[in-house]
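Structure first, then comments.
There are 4 protein chains.
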Amino acid sequence: MLTINRLSLADAHILIGGARAKAEEIGVPMCIAITDESGQLIAFERMDGGKITSTIIAQDKAYTAAGAKRSTESYGTASQPGQPAYGINSAIGGRLTVVAGGIPVIVEGEVVGGIGVSSGTPAQDHACALAGIDRFPVEV
Amino acid sequence: MLTINRLSLADAHILIGGARAKAEEIGVPMCIAITDESGQLIAFERMDGGKITSTIIAQDKAYTAAGAKRSTESYGTASQPGQPAYGINSAIGGRLTVVAGGIPVIVEGEVVGGIGVSSGTPAQDHACALAGIDRFPVEV
Amino acid sequence: MLTINRLSLADAHILIGGARAKAEEIGVPMCIAITDESGQLIAFERMDGGKITSTIIAQDKAYTAAGAKRSTESYGTASQPGQPAYGINSAIGGRLTVVAGGIPVIVEGEVVGGIGVSSGTPAQDHACALAGIDRFPVEV
Amino acid sequence: MLTINRLSLADAHILIGGARAKAEEIGVPMCIAITDESGQLIAFERMDGGKITSTIIAQDKAYTAAGAKRSTESYGTASQPGQPAYGINSAIGGRLTVVAGGIPVIVEGEVVGGIGVSSGTPAQDHACALAGIDRFPVEV
Chain D
162 MLTINRLSLA
172 DAHILIGGAR
182 AKAEEIGVPM
192 CIAITDESGQ
202 LIAFERMDGG
212 KITSTIIAQD
222 KAYTAAGAKR
232 STESYGTASQ
242 PGQPAYGINS
252 AIGGRLTVVA
262 GGIPVIVEGE
272 VVGGIGVSSG
282 TPAQDHACAL
292 AGIDRFPVEV
Chain X
162 MLTINRLSLA
172 DAHILIGGAR
182 AKAEEIGVPM
192 CIAITDESGQ
202 LIAFERMDGG
212 KITSTIIAQD
222 KAYTAAGAKR
232 STESYGTASQ
242 PGQPAYGINS
252 AIGGRLTVVA
262 GGIPVIVEGE
272 VVGGIGVSSG
282 TPAQDHACAL
292 AGIDRFPVEV
Chain H
162 MLTINRLSLA
172 DAHILIGGAR
182 AKAEEIGVPM
192 CIAITDESGQ
202 LIAFERMDGG
212 KITSTIIAQD
222 KAYTAAGAKR
232 STESYGTASQ
242 PGQPAYGINS
252 AIGGRLTVVA
262 GGIPVIVEGE
272 VVGGIGVSSG
282 TPAQDHACAL
292 AGIDRFPVEV
Chain B
162 MLTINRLSLA
172 DAHILIGGAR
182 AKAEEIGVPM
192 CIAITDESGQ
202 LIAFERMDGG
212 KITSTIIAQD
222 KAYTAAGAKR
232 STESYGTASQ
242 PGQPAYGINS
252 AIGGRLTVVA
262 GGIPVIVEGE
272 VVGGIGVSSG
282 TPAQDHACAL
292 AGIDRFPVEV
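Residue numbers (our numbering), protein chains in the order written: chain D, 162 to 301; chain X, 162 to 301; chain H, 162 to 301; chain B, 162 to 301.
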């Protein structure tokens with residue numbers, strides 16, 4: 162039997178809070194999704210004015226980051242033409258996302274969930290996801 | 162009527178064993194899928210710690226390799242921008258995979274199945290798939 | 162943070178072994194799938210002669226049992242016309258399965274995975290899934 | 162290694178011919194699909210006037226009959242409310258078809274393919290599929 166650590170709903174709200182604060186600071190209403198370490202949704206918020214398409218994309222960014230244990234931004238680099246993961250963006254029915262904005266939540270070296278943000282530029286999405294991570298109390 | 166040769170479950174286990182041994186050697190827990198010559202799943206293993214996204218991707222690599230009778234690595238080259246198969250990565254609902262790690266199993270010139278490995282770098286995935294093939298007893 | 166117990170690959174093989182032994186006893190080659198508690202595939206075997214359609218159905222039975230924390234057989238009853246869960250069989254793109262053969266794996270009151278069996282009658286599938294569960298060592 | 166018998170394209174044309182002749186006799190333009198034993202399409206004809214929706218349904222009937230090794234008509238009975246396979250009609254993304262018109266092609270006790278017919282009433286579809294089977298030379 163394996164023992165797995167996983168974000169709780171309370172944890173998810175902390176992560177969303179950090180991302181939302183950054184989104185308000187930069188003035189871009191975001192869709193923010195938190196998944197567990199298996200990529201299953203724990204919490205989601207569409208700030209008033211967030212994009213419709215981003216309701217799905219934010220979830221898929223979080224799913225990708227948690228499931229593949231890496232940021233979607235890193236996949237963006239790795240999947241450029243000529244790079245080893247070229248073409249992976251259409252995997253899993255297109256759910257695997259290579260646009261910045263998804264980051265795994267890592268505690269003591271272990272992936273315990275993922276955060277995905279969408280509605281701004283990829284750089285803005287990534288910054289908000291990062292702000293969520295930064296808000297998250299690392300357990301010592 | 163046609164007569165087709167197809168991997169048995171016992172054959173599939175041999176292939177998985179070879180890929181697993183290589184994965185253990187390089188220290189990367191892998192998802193390993195074996196399909197028959199029609200791309201239908203025969204056997205699958207997710208080593209403890211293998212990636213969630215790779216449970217699907219490994220199967221789709223094996224499906225692609227068996228079904229298209231070529232390695233997914235070769236599709237990676239052929240589907241680069243400007244190349245003839247550009248864009249094929251999103252075919253079949255995204256199941257057609259162009260990232261290395263899928264190899265057809267060929268016996269006496271005939272495709273009898275496919276192996277797909279995912280969770281490491283594409284080069285690691287390919288090496289493990291190849292190790293599965295190498296383990297497979299060629300019938301003389 | 163939550164702590165989750167999850168089947169390991171070794172556990173999955175024990176479950177498959179129990180189901181396979183029962184399948185051999187009754188003379189029906191089965192597709193047998195084991196998922197973790199989140200419904201993600203850990204291991205799969207199609208016994209020689211198992212049905213093609215069952216490669217998917219077995220996985221979806223295990224996914225349903227683990228994810229919904231109940232047997233697919235119990236969903237069969239609950240989803241009859243006039244019953245509260247009527248129509249749920251087409252949920253999640255049809256993955257939610259209401260035909261017997263999927264059983265959650267429960268250890269100390271907690272779902273740690275799912276087993277799904279398909280290729281025989283629903284009663285045979287259920288019996289083989291149960292045989293897998295019976296083989297599983299309950300931790301004391 | 163397993164050895165599998167599979168319909169050839171020439172065989173598929175014989176089966177289509179039998180179904181088409183029956184369709185012409187009853188005056189209903191049909192969609193007729195032939196798959197191999199794994200449910201993969203070998204040949205397809207939409208007679209002038211055949212239904213658009215039936216281009217998919219005929220294929221799924223043949224897939225179901227070959228893959229599950231039984232007629233879709235038998236699934237119609239088995240999946241009625243209160244019956245063991247109730248709800249199976251939405252399995253495999255809805256591809257599993259329980260409406261009459263799909264029949265496995267069996268030679269010497271082994272499924273070698275499937276025929277699926279659609280555009281008429283289920284009874285007409287089944288009759289045409291059967292006429293295809295009847296045309297097929299059983300090897301002695």
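For every residue, glycine included, the Cβ atom is placed at its ideal position computed from N, Cα and C.
Residue i and residue j: beta carbons closer than 8 angstroms?
i              : j              : result
Q201 (chain X) : T216 (chain H) : yes
E186 (chain X) : V272 (chain X) : no
A246 (chain B) : A239 (chain B) : yes
G254 (chain H) : A252 (chain B) : no
G211 (chain H) : C192 (chain H) : yes
P242 (chain D) : P242 (chain X) : yes
A184 (chain D) : M208 (chain D) : yes
I165 (chain D) : I165 (chain H) : yes
Is residue i buried or exposed, if buried means 16 or more other CB atoms sit within 10 Å of its CB?
i              : result
A171 (chain H) : exposed
T214 (chain H) : buried
P265 (chain B) : buried
M162 (chain B) : exposed
G248 (chain D) : buried
P298 (chain H) : exposed
A288 (chain B) : buried
S169 (chain X) : buried
Who pairs with residue i in a beta bridge, going by DSSP?
i              : result
I175 (chain X) : DSSP, once it has assigned bridges, lists no residue as partnering I175 (chain X).
F297 (chain D) : Looking at the DSSP assignment, F297 (chain D) forms no beta bridge with any residue, so it has no partner.
D221 (chain X) : Per DSSP, none; premise fails for D221 (chain X).
T216 (chain B) : The partner list for T216 (chain B) (beta bridge, DSSP) is empty, contrary to what the question assumes.
G275 (chain X) : X:T196 and X:P265
I187 (chain B) : DSSP, once it has assigned bridges, lists no residue as partnering I187 (chain B).
E206 (chain B) : B:I193
T164 (chain D) : H:N166
Would you mind telling me which residues of chain H sit closer than 7 angstroms to residue i, beta carbon to beta carbon, in chain order?
i              : result
D295 (chain X) : In chain order: nothing, as chain H lies at least about 22 angstroms away.
S144 (chain X) : Absent from the structure is residue 144 (chain X), since the part of chain X shown begins at 162 and ends at 301.
I213 (chain X) : Q201
G228 (chain B) : K212, I213 and T214
Can you list, in chain order, the residues of its chain with a C-beta nearer than 7 angstroms to that of residue i? Leave out the 5 residues immediately preceding and following it.
i              : result
T233 (chain B) : K222, T225, A226, T258, V259, V260, A261, G262 and G263
V189 (chain H) : S280, G281 and Q285
V301 (chain H) : Because the pLDDT of V301 (chain H) is 42, which lies under 50, any placement of that residue in the model is unreliable, and the question is left without a value.
D295 (chain H) : G179
L291 (chain H) : I264
Could you name the residues of chain B that residue i contacts, counting a contact when the two beta carbons are closer than 8 angstroms?
i              : result
V273 (chain X) : M162
I217 (chain H) : A252 and I253
I165 (chain X) : T164, I165, N166 and R167
Looking only at its own chain, which residues have a Cβ that is under 6 angstroms from the Cβ of residue i, when we skip the five neighbours before and after it?
i              : result
G293 (chain X) : L176, G179, A180 and I276
A194 (chain X) : F205, A219, Q220, A223 and G277
R167 (chain X) : D197, E198 and V273
Y236 (chain B) : V259
Taking residue i as the query, report the chain X residues whose CB atoms sit under 8 angstroms from its CB, ordered along the chain.
i              : result
Q241 (chain B) : In chain order: nothing, as chain X lies at least about 29 angstroms away.
T225 (chain D) : T214
Residues of chain H with CB closer than 8 angstroms to the CB of residue i, please, in chain order.
i              : result
A246 (chain B) : V260 and P283
Could you work out which residues of chain X lie near residue i, taking near to mean beta carbons separated by less than 7 angstroms?
i              : result
I249 (chain D) : V260
For a contact meaning CB atoms closer than 9 angstroms, what does residue i contact in chain H?
i              : result
A204 (chain X) : A204, F205, E206 and R207
L257 (chain B) : T214, I217, I218 and G255
Which same chain residues end up closer than 8 angstroms to residue i when comparing Cβ atoms and leaving out the 5 residues on each side of it in sequence?
i              : result
Q244 (chain X) : T238
H174 (chain D) : A204
N250 (chain B) : Y236, S240, L257, T258 and V259
Along chain D, which residues have their Cβ under 9 angstroms away from the Cβ of residue i?
i              : result
D221 (chain X) : A252 and I253
V268 (chain H) : M162
Find the residues of chain B that neighbour residue i, judging by a C-beta separation of less than 7 angstroms, and give them in chain order.
i              : result
G237 (chain H) : Y247 and G248
Run through chain X and tell me which residues come within less than 9 angstroms of residue i, C-beta to C-beta.
i              : result
D172 (chain B) : M162 and L163
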